[in-house]
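254 is the number of the first residue of the sequence shown in our numbering; add one for each residue after it. Built from N, CA and C at the ideal position, the CB exists for glycine as well. Read through the structure below, which is laid out as structure tokens, and then see the notes.
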Amino acid sequence: MSTRQIYFLLPFTNFTRTSTFCSQALVNNKFQSKDENKIVEHFGGLKREDNWIKTAEKFVENWAVLRWPRHGCGGRSYALIGTLADMERALLDYALNFVWKQLQLDDNVKNVEMVNVDDILPVSTTRACGVPFQTGQNPMQYRIFNADDIYNSSQKQIELSDDLDFCLSGTAEMGIANQLRNRVFQQDQLPTYFLSESTCFRPEISKGGLECGLYRVHQFKKVEMFVVCTEKQSSDELMRIVNIQKNLFSSLGLHCRLLDMCQEECGSSAFQKFDIETWMPGRKEWGELSSASNCTDYQSRRLKISYRSGSSSNNTSLHYCHTCNGTGIASSRTIMALLESSQLSPRNGLQLHELIKKMLPAERSSVLKCGKAKPIVYFVNTGYVK
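In structure tokens:
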């Protein structure tokens, strides 16, 4: 009789802090504190500050399109239903096509490839991509354990093994990087872009306020840009990603600002990092929509991603690539921003951007109406609760 393997999913906490950082990043970023993040520019639609604007979650609470099944998967679980599910699908498709077209029309981009990535990755890959080694109670990853490891281990914490341990991916950046392990490019192939849509898993802890509701959740969908280039190209490629992000969010009518991030926010892998924040009028706060990072050769050295200069096959002509990455769109936060930025007067509902209206399926767009949601019934061992 064959035995069945059972797996448990636990937050990944038994890291030890690394003291190795990208030395170039320390040179590049003269400002070290997050209070010194530099506002580069504002762009996009008008900034709305009406006091009556509701948070996205409050605005749709009677539409039966957003639910919080906490009894199923914990305190940060959510379910998009009906119109919000349509909106998420439309935004992801729109972002993927938008980025693809922008790159295809750019003569300086040599190749663009669409990639499907794994949700489960070896720990060695996430380490190589710069996920910080961590101790304490605030994990950065969900680690996957074999049930036998848990029941047979007398240790309080199971030791890491890069060859055998796996975790859930926090971003498609790591999935793409994993597929590029040991790959050798020709110099005339660079820069090459990789685009992917994936589900991102993050055991992050909310600090309250802005981060309640849909803002910081354990699972969401995201479109990601990842570029492999030479050391001379990486600065330009980072700005190319940032410009695509700016064009994308401007096309949605969102009011945004671009931030040049301090070293504290860059992590161990990034030489330079830009964040784009949008104004969320329901929360009366700025919220992060996307980021873009130049990782120089931090990832490529660890994953052995290189390029060959000239036509020689001699190993002396091999050089480590540089990598940059950036968010195309993160679905939950973009939906939040659109719902808060598109509200009309207190009783007149929502006026979606014309572009968003065109994305939604015509046969289902009529569900954008207010109505009392049915209570969610959770079945438990002793009966049921509403």
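Beta-carbon proximity of residue i to residue j, cut-off 8 Å
i: I588; j: L299; result: no
i: F296; j: S503; result: yes
i: S422; j: N369; result: no
i: M492; j: N290; result: no
i: C420; j: T379; result: yes
i: V470; j: R320; result: no
i: A348; j: L591; result: no
i: E518; j: K526; result: yes
Supposed close pair residue i, residue j - CB separation, criterion 8 Å
i: I582; j: K475; result: 7 Å
i: E477; j: E426; result: 6 Å
i: L511; j: K499; result: 7 Å
i: P444; j: K363; result: 6 Å
i: C574; j: F473; result: Contact flag wrong, Cβ pair sits at about 29 Å.
i: T576; j: F479; result: 7 Å
i: D418; j: R434; result: The pair is not a contact, with the Cβ atoms about 16 Å apart (cut-off 8 Å).
Alpha-carbon spacing of residue i relative to residue j, whole angstroms
i: R536; j: L467; result: 12 Å
i: K622; j: M533; result: In this predicted model, K622 has a pLDDT of only 47, less than 50, meaning its place in the structure is not dependable; the value taken from the coordinates is given anyway. The straight-line gap from Cα to Cα measures roughly 22 Å.
i: A317; j: Y560; result: 52 Å
i: C482; j: S553; result: 10 Å
i: T308; j: I458; result: 20 Å
i: A381; j: L356; result: 27 Å
i: K485; j: Q432; result: 23 Å
i: I306; j: E593; result: 7 Å
i: E538; j: H572; result: 44 Å
i: S595; j: N496; result: 24 Å
i: V365; j: G383; result: 24 Å
i: L613; j: D339; result: 6 Å
i: S543; j: R600; result: 32 Å
i: L605; j: T336; result: 12 Å
i: L358; j: Y551; result: 29 Å
i: N440; j: S570; result: Looking at the sequence itself, residue 440 is Gln, so the reference to Asn does not match. The alpha-carbon atoms of Q440 and S570 are separated by roughly 10 Å.
i: Q394; j: C548; result: 20 Å
i: A523; j: A615; result: 43 Å
i: N281; j: K354; result: Below a pLDDT of 50, predicted positions are generally treated as unreliable, and N281, at 48, falls in that range; no measurement from the model is reported.
i: T388; j: F454; result: Here T388 scores only 47 on pLDDT, less than 50, and its place in the model is too uncertain to base an answer on.
i: Y331; j: P322; result: 6 Å
i: I609; j: H508; result: 16 Å
i: T424; j: S487; result: 20 Å
i: N304; j: P392; result: 37 Å
i: S377; j: Q442; result: 27 Å
i: S521; j: G563; result: 32 Å
i: L262; j: E294; result: Low per-residue confidence applies at L262: pLDDT is 47, beneath 50, and the placement is therefore not dependable enough to give any value.
i: R436; j: I292; result: 37 Å
i: P375; j: M367; result: 22 Å
Which listed residue (the options) has its alpha carbon closest to that of residue i
i: G428; options: D359, R342, D372; result: D372
i: F312; options: I609, L597, K610; result: L597
i: I334; options: E314, E517, H471; result: E314
i: E302; options: N361, S522, T531, R586; result: T531
i: R586; options: D489, I529, V293; result: I529
i: G506; options: E607, L556, S562; result: E607
i: L556; options: A430, L349, P322, Q394; result: A430
i: S546; options: E490, I292, S377; result: E490
i: S584; options: E294, C509, G563, E341; result: E341
i: E464; options: V293, E310, E294; result: E310
i: K611; options: Y331, D346, I292; result: D346
i: F447; options: N578, P375, G602, V293; result: N578
i: N361; options: L374, S521, I494, G602; result: I494
Cβ-heavy atom distance, residue i to the ligand MG, below 7 Å
i: F438; result: What this structure holds is no ligand at all, so the ligand MG is not there to describe.
* Asked: Hey, which unbroken runs of the beta strand (DSSP E) at 3 residues or more fall wholly within the segment 510-538?
  -> 525-533
* **In chain order, each alpha helix (DSSP H) run of at least 4 residues that lies wholly inside the segment 431-476** => Here no run is fully enclosed.
* Every unbroken alpha helix (DSSP H) within the segment 326-366, with a cutoff of 4 residues, ordered by chain -> 336-357
* Just list the alpha helix (DSSP H) runs in the segment 558-595, keeping only unbroken ones of 4 residues or longer that don't cross its boundaries, in chain order. => 584-594
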